[in-house]
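Since the structure comes first, as structure tokens, the remarks are kept for the end.
2 protein chains.
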Amino acid sequence: MAHVLPSFPLTVGGGRFRAEYYLQGDEATARARAEDICIEQTIEFAPELVPPGGIREHVFGQLEVFERLGPDTHRAIVSYADELVAGELPQLVNVLFGNISMKPGIRLAWLDLSPGVLAAFKGPRFGVAGLRAMLGVPARPLLATAIKPMGLSATHLADMAYALALGGMDLIKDDHGLANQPFAPFEERVARVAEAIARANARTGGRTLYFPNVTGPFEVMWERIQHARQVGATGLLLMPAYCGLDWMRRVAEDDSLALPVMSHPAFIGSYVLDPRFGVSHAVVHGQLQRLAGADLSVLPNYIGRFASYSREDCAGVARGCQAPLGTLRPMFPAPGGGIDVGAFEDMRAVYGPEVTYLMSSNLHRAGPNLTETVQRFRARLEAFVAG
Amino acid sequence: MAHVLPSFPLTVGGGRFRAEYYLQGDEATARARAEDICIEQTIEFAPELVPPGGIREHVFGQLEVFERLGPDTHRAIVSYADELVAGELPQLVNVLFGNISMKPGIRLAWLDLSPGVLAAFKGPRFGVAGLRAMLGVPARPLLATAIKPMGLSATHLADMAYALALGGMDLIKDDHGLANQPFAPFEERVARVAEAIARANARTGGRTLYFPNVTGPFEVMWERIQHARQVGATGLLLMPAYCGLDWMRRVAEDDSLALPVMSHPAFIGSYVLDPRFGVSHAVVHGQLQRLAGADLSVLPNYIGRFASYSREDCAGVARGCQAPLGTLRPMFPAPGGGIDVGAFEDMRAVYGPEVTYLMSSNLHRAGPNLTETVQRFRARLEAFVAG
Chain A
-8 MAHVLPSFPL
2 TVGGGRFRAE
12 YYLQGDEATA
22 RARAEDICIE
32 QTIEFAPELV
42 PPGGIREHVF
52 GQLEVFERLG
62 PDTHRAIVSY
72 ADELVAGELP
82 QLVNVLFGNI
92 SMKPGIRLAW
102 LDLSPGVLAA
112 FKGPRFGVAG
122 LRAMLGVPAR
132 PLLATAIKPM
142 GLSATHLADM
152 AYALALGGMD
162 LIKDDHGLAN
172 QPFAPFEERV
182 ARVAEAIARA
192 NARTGGRTLY
202 FPNVTGPFEV
212 MWERIQHARQ
222 VGATGLLLMP
232 AYCGLDWMRR
242 VAEDDSLALP
252 VMSHPAFIGS
262 YVLDPRFGVS
272 HAVVHGQLQR
282 LAGADLSVLP
292 NYIGRFASYS
302 REDCAGVARG
312 CQAPLGTLRP
322 MFPAPGGGID
332 VGAFEDMRAV
342 YGPEVTYLMS
352 SNLHRAGPNL
362 TETVQRFRAR
372 LEAFVAG
Chain B
-8 MAHVLPSFPL
2 TVGGGRFRAE
12 YYLQGDEATA
22 RARAEDICIE
32 QTIEFAPELV
42 PPGGIREHVF
52 GQLEVFERLG
62 PDTHRAIVSY
72 ADELVAGELP
82 QLVNVLFGNI
92 SMKPGIRLAW
102 LDLSPGVLAA
112 FKGPRFGVAG
122 LRAMLGVPAR
132 PLLATAIKPM
142 GLSATHLADM
152 AYALALGGMD
162 LIKDDHGLAN
172 QPFAPFEERV
182 ARVAEAIARA
192 NARTGGRTLY
202 FPNVTGPFEV
212 MWERIQHARQ
222 VGATGLLLMP
232 AYCGLDWMRR
242 VAEDDSLALP
252 VMSHPAFIGS
262 YVLDPRFGVS
272 HAVVHGQLQR
282 LAGADLSVLP
292 NYIGRFASYS
302 REDCAGVARG
312 CQAPLGTLRP
322 MFPAPGGGID
332 VGAFEDMRAV
342 YGPEVTYLMS
352 SNLHRAGPNL
362 TETVQRFRAR
372 LEAFVAG
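First to last, the sequence lines map onto chains A and B.
All the letters of the first sequence, read from the start, carry residue numbers -8 to 378 under the numbering used here.
All the letters of the second sequence, read from the start, carry residue numbers -8 to 378 under the numbering used here.
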């Protein structure tokens, strides 16, 4: 004899959202994994103790598609009731991949969200079109860079930013390692760099945007964001693996800020590295960032020092950033990590035309004068789009 | 010709902290990975463009130990200047494993933190001794359970909690899937369950603690925590993969709350599943949770439905929870996921005496009357400790 749950009616609206999973193992193993997802991600409870009726019919995940992709790989689509999510991003991720992240052989591959779930999310405030309008760049790939490294003073970093903006860099972000170190404390750094970029913009008539890296203890995160905006930051760099995807969403949706948001993937790679488990590149670097309101998503490029990402992985991120997702705006993938001018054209073929190239080391390697280097790289981008 | 960084003196205090990494590949490959960590995790920049002096000497990571563990596995210890962390938890994790999370063949295995870094963290407010004192349980393993599943009403969940508390359950938490669904809205659920547990405690003279699951949009997180405390919650369940480790730290350190914190590992498994990359169980479920102030860390047990965790993995978590870490208090590992009474003794051998057993489905399967089942299980725990 066991303790059986009470039986009672349950009212739900009928809307369901779907997630696609890749499952390792032969047919029996993979099917068992699919059925496990339906339970583990919803009731997380002994299913035999759930009486017929409400919970069984509406709360259990439902296996809608199960098919063979290869001898040891299967594909499943599982649907969930919209009500399980309650309009909250953490709970959406929790239903999609919370506990099963701890089980092998299951990969979350793609999200197919319902109107009921999507209604809770505003997505990118600016997106591709909004950023292009801010920058006055209608067609070519955008060019971005990071000021770095840790150890430079705020004045050094501001000088570097000035030289880069003078050359016509579209977006300048802080290195994601710049926090509040004594070398270049947050408030001083952001104020000096924002001022330097504004000065360069005034001189050239350009519109270089500045995305300071805002991290740190939650006690001061909001103050830092306010400070950044007050001293002239025109964007924000956030790292959702540390502050939480939902914090990025909250910042992106804030009308009193109304700043474009760039997400950085630090500490996020362990989700994607092995195709047999974890979460796909398209979801991690694309769909989730977009739901959380990022206008740009930094990712490691398939060429460069992060050779662990393939062309297909990166193309998947572009799909996650730009494939239809309700009324949410498309956003920019921003590949970086050792890319060079020689890769520009091939990268446009992989990511499509709506892409931001993030270059740092190879920009410094390309010549002694940063301003001239940026001018040259920008001209390359303009030429191959026109050509 | 390239753009070389300016040369200038850099003042640092000399304190350094250390991290242990396991590296895949033959000696040359593994050594290249170790050297890459020293650059990627600090300057993330072309090292040849950094002049001799300050940054090169103090900011670069330093490879302190490199040794062979097997034909294709090596071990490295890398040290970093305390100043890189600036006393902030997100930046500590960022230096330890930010960008290299996106590179294959590198696993963060163990943290050996310096006094300078540890000074920034308070760790568990209660820890093992504090929780034992609150509960009046000096020696035996603690018993915990979750009220679930999604779909039950707040009244149903409160009835379940009452029956469990009446039997002498030490800790009752919400299932981590209970957010703010229409079935059992957050405010009503937490108020009803807290009241039911207080009523049971008053009847028995017991001290069952209640850890509601506090999640949701950042716009209301703090209000929900306040509400939980006001209606009588005596602990909090948080999911750092969603709210951020630093948010948990901020909540745990808040003197106006002063509540014990249990961390739940939802969405965290992808870090640990493959020993060739990611982050060790000891760090993910142990050391990081402790730095962030958790008093208990839920993890999948080596016996049960998460068979992906080995005995050694779980013993590692116990070490991460309890090995010396400056003056930070030791905390409880709280293994769950399908464990049963038959596993109690073996689990105590694996985790040591300071452990919390988290049982749900098997507790409901063990008999029709939850109160009697809890009494029986508690007696088992008391007997085998006395015996």
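Glycine included, each C-beta is placed from N, C-alpha and C at the ideal position.
Predicted, not measured: the structure shown is a model, and the values here were computed from it.
(1) Excluding five sequence neighbours on each side, which residues of the same chain lie with their C-beta closer than 8 Å to the C-beta of Lys336(A)?
(2) Taking the continuous alpha helix (DSSP H) assigned at Pro81(A), which residues delimit it?
(3) So which residues on chain A does Ser92(B) lean against when the C-beta distance must stay under 9 Å?
(4) Please name the residues in the stretch 123 to 143 of chain B whose beta-carbon is closer than 9 Å to at least one beta-carbon of chain A, in chain order.
(5) Between the beta-carbon of His167(B) and the beta-carbon of Leu228(B), is there less than 8 Å?
(6) For Gly333(A) and Gly196(A), I'd like the C-alpha separation in whole angstroms.
(7) What in chain A is Cβ-close to Asn85(B), meaning under 8 Å?
(8) Note the first and the last residue of the continuous beta strand (DSSP E) segment covering Asp165(A).
(9) At least one CB of chain B closer than 8 Å to the CB of Arg367(A): is that the case?
(10) Since Gln82(A) meets chain B, which of its residues come closer than 7 Å, beta carbon to beta carbon?
(11) Starting from the Cα of Ala25(B), find the closest Cα among Phe36(B), Val56(B), Gly44(B) and Ala182(B) and give me that residue.
(12) For Ala219(B), which option in Phe209(B), Ala182(B), Ala243(B) and Gly61(B) has the closest C-alpha, if you only look at C-alpha atoms?
(13) What is the DSSP secondary structure of Arg9(A), reduced to helix, strand or coil?
(14) If you measure between the beta carbons of Leu75(B) and Met141(A), is that distance less than 8 Å?
(15) Which two residues bound the contiguous beta strand (DSSP E) that contains Ala72(A)?
(16) Report yes or no: is there a C-beta of chain B within less than 8 Å of the C-beta of Asp17(A)?
(17) What did DSSP end up calling Gly61(A) once you bin it into helix, strand or coil?
(18) Take Pro344(B) as the anchor and find which of Pro62(B), Val128(B) and Arg116(B) has the nearest alpha-carbon.
(19) Go ahead and label Asp165(A) buried or exposed: buried means 16 or more other beta carbons lie within 10 angstroms of its beta carbon, across all protein chains shown.
(20) At a CB distance below 9 Å, what residues from the stretch 264 to 298 of chain A approach chain B? Give them in sequence order.
(21) Is the stretch -4 to 4 of chain B close to the stretch 359 to 376 of chain A, with three or more CB pairs under 8 Å?
(22) With a threshold of 8 Å, are at least 3 pairs of Cβ atoms found where one atom belongs to the stretch 86 to 101 of chain A and the other to the stretch 12 to 30 of chain A?
(23) Taking Gly121(A) as part of the alpha helix (DSSP H), name the residues at either end of that continuous run.
(24) Quick one: does Arg22(B) have its CB under 8 Å from some CB of chain A?
(25) Mapping DSSP to helix, strand and coil, what is Asp265(B)?
(26) From Tyr262(A) to Met230(A), what distance separates their C-alpha atoms?
(27) If you run the structure through DSSP and keep just helix, strand and coil, what is Thr199(A)?
(28) Since I believe Glu18(A) is in contact with His49(A) (beta carbons under 8 Å), could you give me their beta-carbon distance rounded to a whole number of angstroms?
(29) For Gln217(A), count neighbouring Cβ atoms within 10 angstroms of its own Cβ and tell me buried if that reaches 16, exposed if not.
(30) Between the alpha carbons of Glu363(A) and Ser271(B), how many angstroms are there, rounded?
(31) Is the beta carbon of Leu126(A) sitting closer than 8 Å to the one on Arg198(A)?
(32) Whole angstroms are fine: how far does the CA of Phe268(A) sit from the CA of Met93(B)?
(33) Skipping 5 residues on each side, what residues in its chain have a beta carbon closer than 7 Å to that of Asn360(B)?
(34) Starting from the C-beta of Arg194(B), find all residues in its chain whose C-beta is less than 6 Å away, skip the five residues before and the five after it, and write them out in chain order.
(35) Relative to the alpha-carbon of Asp286(B), which residue among Ser254(B), Leu157(B), Ala309(B) and Gly260(B) has its alpha-carbon at the smallest distance?
(36) Any idea if Met212(A) is buried or exposed, counting beta-carbon neighbours within 10 angstroms, 16 or more meaning buried?
Once the coordinates are examined:
(1) The sequence as given places Glu at residue 336(A); Lys does not occur at that position. Same-chain partners within the cutoff: Phe375.
(2) Leu80 to Phe88
(3) By Cβ distance, chain A contributes Ala232, Pro256, Ala257, Phe258, Ile259, Gly260, Ser261, Tyr262 and Leu264.
(4) Sequence-ordered contacts of the stretch 123 to 143 of chain B with chain A read Ala137, Lys139, Pro140, Met141, Gly142 and Leu143 [C-beta pairs closer than 9 Å].
(5) The answer is yes: Cβ separation under 8 Å.
(6) 29 Å
(7) His167, Gly168, Ala170, Thr206, Met230, Tyr233, Ala257 and Phe258
(8) Run containing Asp165(A): Leu162 to Asp165, per the beta strand (DSSP E) assignment.
(9) no
(10) Ala170 and Thr206
(11) Val56(B)
(12) Ala182(B)
(13) strand
(14) Yes. Within cutoff.
(15) Thr64 to Ala72
(16) no
(17) strand
(18) Taking each of Pro62(B), Val128(B) and Arg116(B) in turn and checking the Cα distance to Pro344(B), the smallest one comes out for Val128(B).
(19) buried
(20) Leu264, Asp265, Arg267, Phe268, Gly269, Val270, Leu290, Pro291, Arg296, Phe297 and Ala298
(21) With the cut-off at 8 Å, the stretch -4 to 4 of chain B and the stretch 359 to 376 of chain A do not touch.
(22) yes
(23) Gly118 to Leu126
(24) So no, Arg22(B) is outside the interface.
(25) coil
(26) Each residue's alpha carbon lies about 15 Å from the other.
(27) coil
(28) No, His49(A) and Glu18(A) are not in contact; Cβ-Cβ is about 28 Å, not under 8 Å.
(29) exposed
(30) 46 Å
(31) Yes; because the gap between Cβ atoms is below 8 Å, this pair is in contact.
(32) 15 Å
(33) Excluding sequence positions up to five before and after Asn360(B), its CB lies less than 7 Å from no other CB in the same chain.
(34) Excluding residues within five positions, none has a Cβ falling inside 6 Å.
(35) Ser254(B)
(36) In summary, Met212(A) is buried, with 16 or more beta-carbon neighbours lying within 10 Å of its beta-carbon over all protein chains present.
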